[in-house]
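Listed in order, the protein sequences are those of chains P, C and V.
My numbering applies: residue 29 is where the first sequence begins, and numbers increase by one.
My numbering applies: residue 19 is where the second sequence begins, and numbers increase by one.
My numbering applies: residue 11 is where the third sequence begins, and numbers increase by one.
Backbone N, C-alpha and C fix where the C-beta goes; we use that ideal spot for every residue, glycine too.
All figures in this text were calculated on a predicted structure; none of them were measured in a lab.
Working notes for the structure below.
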Amino acid sequence: MTSGQEQIVEQGVARESAQETVVDPIVSTRHVTKRFGTGPEAVVALSDVTFDIAAGDFVSLIGPSGCGKSTLLRTIADLIEPTDGEITVNGTSAHDARLARHYGMVFQQATLFNWRTVRRNVELPLETMGMSKQERGRRSREMLELVELSDFANKRPNQLSGGMQQRVSIARALSFQPSLLLMDEPFGALDEITRERLNLELLRIWEATATTVVFVTHSIPEAVFLSNRIVVMSPRPGRILAEIEVDLPYPRDDDTREQDRYFELVTEVRETLRRAEAG
Amino acid sequence: MRVARNATIVVVVLVALWEGYRAAALALGNTWPGSSVNLPIRVTGSGNAQTFPHLWEIVTALGRPYRGGGETLGSFLASGVAYTLREVAVGFVLGVVFGFLLGVLFCHSRVAEKGLMPYVVASQVIPFIAFAPILVVVFNQIDALPVWSGVAVLSMYLVFFPVTLNTVRGLRSTPATAEELMRSYAVSWWTRLWKLRVPAAVPYLFVGMKIGATAAVVGAIVGEISAPSSAGIGGAIFAFGRVTNNAVQLFATTFVAGLVGITAYLVVVGLERVTMRYYEGPAGQR
Amino acid sequence: MSAPATAPDASVTGPAGPLADPRAGGRVGSSLREFAPPVLTAFLVLALWEGAVRGFGIRPILLPTPSSIVVAFLGDLPRLADAIWTTGRAAILGFFIGGAAGFTAGAVAARFTWLREGVLPMGVAFGAIPIVATAPIFNLWFSALSVWSNASVVALVVFFPMLVNTITGLSSVAPGHAELVRSLAMPRWSVFTKLQVPTALPFVFGALRLGAALAVIAAVVADFFGGFRSSSGFFIKTLMATADYTGAWATVLALCLFGLTLYGLVALAERRVVPEQG
Chain P
29 MTSGQEQIVE QGVARESAQE TVVDPIVSTR HVTKRFGTGP EAVVALSDVT FDIAAGDFVS
89 LIGPSGCGKS TLLRTIADLI EPTDGEITVN GTSAHDARLA RHYGMVFQQA TLFNWRTVRR
149 NVELPLETMG MSKQERGRRS REMLELVELS DFANKRPNQL SGGMQQRVSI ARALSFQPSL
209 LLMDEPFGAL DEITRERLNL ELLRIWEATA TTVVFVTHSI PEAVFLSNRI VVMSPRPGRI
269 LAEIEVDLPY PRDDDTREQD RYFELVTEVR ETLRRAEAG
Chain C
19 MRVARNATIV VVVLVALWEG YRAAALALGN TWPGSSVNLP IRVTGSGNAQ TFPHLWEIVT
79 ALGRPYRGGG ETLGSFLASG VAYTLREVAV GFVLGVVFGF LLGVLFCHSR VAEKGLMPYV
139 VASQVIPFIA FAPILVVVFN QIDALPVWSG VAVLSMYLVF FPVTLNTVRG LRSTPATAEE
199 LMRSYAVSWW TRLWKLRVPA AVPYLFVGMK IGATAAVVGA IVGEISAPSS AGIGGAIFAF
259 GRVTNNAVQL FATTFVAGLV GITAYLVVVG LERVTMRYYE GPAGQR
Chain V
11 MSAPATAPDA SVTGPAGPLA DPRAGGRVGS SLREFAPPVL TAFLVLALWE GAVRGFGIRP
71 ILLPTPSSIV VAFLGDLPRL ADAIWTTGRA AILGFFIGGA AGFTAGAVAA RFTWLREGVL
131 PMGVAFGAIP IVATAPIFNL WFSALSVWSN ASVVALVVFF PMLVNTITGL SSVAPGHAEL
191 VRSLAMPRWS VFTKLQVPTA LPFVFGALRL GAALAVIAAV VADFFGGFRS SSGFFIKTLM
251 ATADYTGAWA TVLALCLFGL TLYGLVALAE RRVVPEQG
């Protein structure tokens, strides 16, 4: 078996174990609340959010605009502090996890540095960690191969399309092999066709690297296609409406989008959201 | 207002630095502590000839006579300021008008722009100020024009470039949809210029004018130095600079020159505020 | 400040001037097509000039012919070179001192929000003062025969646009980038060198280009106030006084060449350091 396939098997084992709640969750939120502002005009973005993410999961956070899914992701990333509640990442607080660089993050805008080449963009986290030049070169080459952009290593970001820039962004996020990958609507700014292609890419990368992924999106088909679990959130104030298991088998491909079970799950998510709007 | 508070803080800090240096230099005997190497700026002299007077002495010097008996420095400088301001005003107005017209030309004619713009840029890079003595003498030769016209031309030259550049940028800043609207009405270029482009350019024009105001003052002062006479505030600085024993009055004169510069700038800023208020209505005020 | 949405940011194109605008691109076009119109215009103007002076019999005190200026220029080359050196070394010295001081002060001010809010408007306001008027004061302090008196004026003139543009540039980091470096737990100094400084470079070079132009101007003006007899500014005044008009124009020509060279060098450096950002 290749190392990638070994990792898939390990993942599978971890997933089964998680379902038996033997292994500790990699991310755990308890009663997380986030209020912006004070007094009667305060906006409650998140309200008493509690859920777990097991190692090896691909979890999507989905909900209407303003439901707080991006805010939730940012509290996990320690980019925003929760007003209440607790977040544990890899056994430590979210703050310590950020300082120890336990996660890589991909944003909706690629946020590459225009003055650096693609390769040096990927090496950015590695520079921060003080890695030697050779080691950095080796890893960035590996990552660029993984996202299939090796030919563009010495180009500048403005010479790449939006989809390619996001792939570089993913390469950068994974360059230091974190156990957790946080993604905030990474394909939201791209057209439908590119997005579907990148979905497949992302699954391939996920299976090759055995990272846990937390994926924020507002596209129901995308969430069902990618994840093994979907966390559905209500409109503001954001609460968890439901956690839906997606039992479609991996590896998934374009045919998966045409299976009956796929449509059933898409409908299930949609109805959950609709009920929340009505209720 | 926060700006006023920050301004006062900076002024206080600067005053403290000045007086602090003065006190320290005197206490140390004008040498670096623990050695006999001289400080770069030495505090010496007394009375009018001090090289580093107290700040209040500089200001009070304006109230004292600048020659043995006779009018005070302040009133002497006042007439100098008036002389300079006349040059500044004429140069500024000419520069703004010329700059605006040139900007309109560049906006409408790509040929003119491509051919002349490099020179416009280069005109600011070369030290035109080196022409000042030549300009002043040349205009002196033309009897029809007043004696200060050379200086006004110098000011105008320094003013027109920022105005031109900002005019072009402003005239072109109209959103594409507004342009399309105008075209659908089939208006002439003249109407389009005055109904759409110029109003859009006004904020940019003020940016150019603020730069121009400062430049006009610098041009006027430098022009005066190059002139044979010692008229105006620039001429006064030059005259006081040549004599060695009235440093305090030199400081006071330079201070007044600084005020002239700031005043010109503030006048344009005030004009901008009034215009923008009219432009946007009370709702759009800062 | 709720200025109209289309208005430019005055702190960048404000008193520092349009030359300091990083978007203005002081880059000289490199293609032949861009060179042709200006060069043709130059020839046209020179030809008209020569023709008009000769044709209308204009006295040299008003306007010498281009040919006589060039003759005077070539004939007096050693003295001109000396004059340029005297003026130029003050300009270059002041340029580097003012630039370095402006950048350092700007970097420090950008670090602390309260400091930045106080310093930025002051930097903009001080740009409104005719700093060259302080030349005699520096002559008093540093003695008129020292290069430091002129260099100080130049340094002050270069300092303020540099301060304003450095602060603006360092503060113009995109919010997305700021979030990114937080997520990577990048230490403060790294954020400064790897993110803020590259972001600020276009602004800094805008100020440097402007500073190059201002430095020569300020040095010449400082010359006007007295000092070395061989300095360019003083030279021009003397020549005018002794009715050597072609000589004065030739000196001006030499100064223009110097100014263009200095500006060109900065623009070249900018090309190498600040990559095109599309």
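The stretch 147 to 174 of chain C: which residues have C-beta closer than 7 Å to a C-beta of chain V, in chain order?
-> For chain V, the residues of the stretch 147 to 174 of chain C that bring a beta carbon within less than 7 Å of one of its beta carbons are Ile147, Ala148, Phe149, Pro151, Ile152, Val155, Val156, Gln159, in chain order.
Per DSSP, P:Asp112 forms a beta bridge with which residues?
-> Its beta-bridge partners are P:Thr61.
According to DSSP, is P:Ala105 helix, strand or coil?
-> It is coil, neither helix nor strand.
Could you work out which residues of chain C lie near V:Thr51, taking near to mean beta carbons separated by less than 9 Å?
-> Close partners of V:Thr51 in chain C (Cβ separation under 9 Å): Gly133, Leu134, Pro136, Tyr137.
Does DSSP classify V:Ala183 as helix, strand or coil?
-> In the sequence as displayed, the identity of residue 183 of chain V is Val instead of Ala. It is coil, neither helix nor strand.
Indicate the three-state DSSP secondary structure (helix, strand or coil) for C:Ile27 in the structure shown.
-> In the three-state reduction of the DSSP assignment, C:Ile27 falls in the helix class, which pools H, G and I.
Return helix, strand or coil for P:Asp124, following the three-state DSSP convention.
-> Note: P:Asp124 maps to helix in three-state DSSP.
Cα-Cα separation, V:Leu194 to V:Leu103 | Using only the alpha carbons, I get a separation of about 41 Å.
Distance, Cα to Cα, V:Ala117 vs P:Phe291?
-> Rounded to whole angstroms, V:Ala117 to P:Phe291 spans 57 Å at the Cα level.
Cα-Cα separation, C:Leu214 to C:Ala148 = In this structure, the alpha-carbon of C:Leu214 lies about 40 Å from that of C:Ala148.
Chain V contact for P:Leu100 (CB, 8 Å cutoff) = Taking a beta-carbon distance threshold of 8 Å, P:Leu100 does not count as an interface residue toward chain V.
Does DSSP put P:Leu226 in a helix, a strand or coil?
-> In this structure, P:Leu226 counts as helix in the three-state DSSP scheme.
Going along the chain, which residues of the stretch 188 to 221 of chain V sit with their C-beta nearer than 9 Å to a C-beta in chain P?
-> For chain P, the residues of the stretch 188 to 221 of chain V that bring a beta carbon within less than 9 Å of one of its beta carbons are Glu189, Leu190, Val191, Arg192, Ser193, Leu194, Ala195, Met196, Pro197, Ser200, Lys204, Leu205, Pro208, Thr209, Leu211, in chain order.
Using a beta-carbon distance below 8 Å, is C:Gln310 in contact with chain V?
-> The shown model of chain C, from 19 to 304, leaves out residue 310 of chain C, and the question about it has no answer.
What residue range is occupied by the uninterrupted beta strand (DSSP E) comprising P:Ser88?
-> P:Ser88 -> beta strand (DSSP E) spans 86 to 90.
Touching by the beta-carbon criterion (3+ pairs, under 8 Å), the stretch 164 to 184 of chain P and the stretch 198 to 211 of chain P | The stretch 164 to 184 of chain P is in contact with the stretch 198 to 211 of chain P.
So which of C:Arg82, C:Trp212, C:Gly253 has the shortest CA-CA distance to C:Val169?
-> Looking at the Cα atoms, C:Gly253 is the closest of the given residues.
Nearest to P:Arg184 (by Cα), restricted to the options P:Arg166, P:Ile221, P:Arg144, P:Gln194 = Closest option to P:Arg184, judged by alpha-carbon separation, among P:Arg166, P:Ile221, P:Arg144, P:Gln194: P:Arg144.
Which of helix, strand or coil DSSP assigns to C:Ser141 = Three-state result, C:Ser141: helix.
Taking a cut of 8 Å between CB atoms, which residues from the stretch 163 to 188 of chain V lie near chain P?
-> So the list reads Ala184, Gly186, His187, given in the order they occur along the chain.
For P:Arg126, decide whether its Cβ has a neighbour in chain V, counting only Cβ atoms nearer than 8 Å.
-> Chain V, which has a Cβ nearer than 8 Å to the Cβ of P:Arg126, makes this yes.
If P:Arg267 sits next to P:Ser75, beta carbons under 8 Å apart, how far is it from one beta carbon to the other, in whole angstroms?
-> The pair is a contact, with the Cβ atoms about 5 Å apart (cut-off 8 Å).
State whether the stretch 68 to 83 of chain V contacts the stretch 254 to 266 of chain V, with contact taken as three or more CB pairs (one from each stretch) at a distance under 8 Å.
-> Counting C-beta pairs closer than 8 Å gives three or more between the stretch 68 to 83 of chain V and the stretch 254 to 266 of chain V, which meets the contact rule.
Confirm, please, whether the CB-CB distance from C:Pro145 to V:Leu265 is below 8 Å.
-> Cβ atoms of V:Leu265 and C:Pro145: closer than 8 Å.
Consider the Cβ of V:Phe234: report whether some Cβ of chain C lies at a distance smaller than 8 Å.
-> With 8 Å as the cut-off, V:Phe234 counts as an interface residue toward chain C.
Starting from the beta carbon of V:Pro140, find every residue of chain C whose beta carbon is closer than 8 Å, and list them in chain order.
-> Taking the beta carbon of V:Pro140 as reference, the chain C residues within 8 Å of it are Thr232, Val235, Val236, Ile239, Ala275, Gly276, Val278, Gly279, listed in sequence order.
7 Å Cβ shell around P:Arg289 - same chain, five flanking residues per side excluded | In the same chain as P:Arg289, and ignoring 5 residues on each side of it, the C-beta atoms closer than 7 Å to its own belong to Leu276, in chain order.
Output the residue ranges of the beta strand (DSSP E) runs that lie fully inside the stretch 217 to 284 of chain P and measure 3 residues or longer, sorted by chain position.
-> Taken in chain order, the unbroken stretches of beta strand (DSSP E) that lie wholly in the stretch 217 to 284 of chain P and span 3 residues or more are 240 to 245, 257 to 261, 268 to 273.
Nearest to P:Val196 by alpha carbon, out of P:Asn142, P:Ala238, P:Glu224, P:Asp282?
-> Taking the Cα of P:Val196 as reference, the smallest distance to any Cα among P:Asn142, P:Ala238, P:Glu224, P:Asp282 is reached at P:Asn142.
Which residues in the same chain as P:Glu163 place their Cβ atom closer than 8 Å to its Cβ, once the five residues preceding and following it in sequence are excluded?
-> Once the five neighbours on either side are set aside, the close Cβ partners of P:Glu163 are Leu154.
Spell out the partners DSSP gives P:Leu210 in its beta bridges.
-> DSSP, once it has assigned bridges, lists P:Met133, P:Val242 as partnering P:Leu210.
From the DSSP output, in three-state form, read off C:Pro136 for me.
-> Note: C:Pro136 maps to helix in three-state DSSP.
At a cut of 8 Å, does the stretch 96 to 114 of chain C reach the stretch 237 to 252 of chain C through at least three beta carbon pairs?
-> Contact holds between the stretch 96 to 114 of chain C and the stretch 237 to 252 of chain C, because three or more Cβ pairs, one in each stretch, are under 8 Å apart.
With 16 other Cβ atoms within 10 Å as the buried cut-off, status of P:Ile221 | P:Ile221 comes out exposed.
Short check: CB of P:Val297 to CB of P:Val259, under 8 Å?
-> In this structure, P:Val259 does not lie closer than 8 Å to P:Val297 by Cβ.
Buried or exposed: V:His187, going by 16 or more other Cβ atoms within 10 Å of its Cβ?
-> So V:His187 ends up on the buried side.
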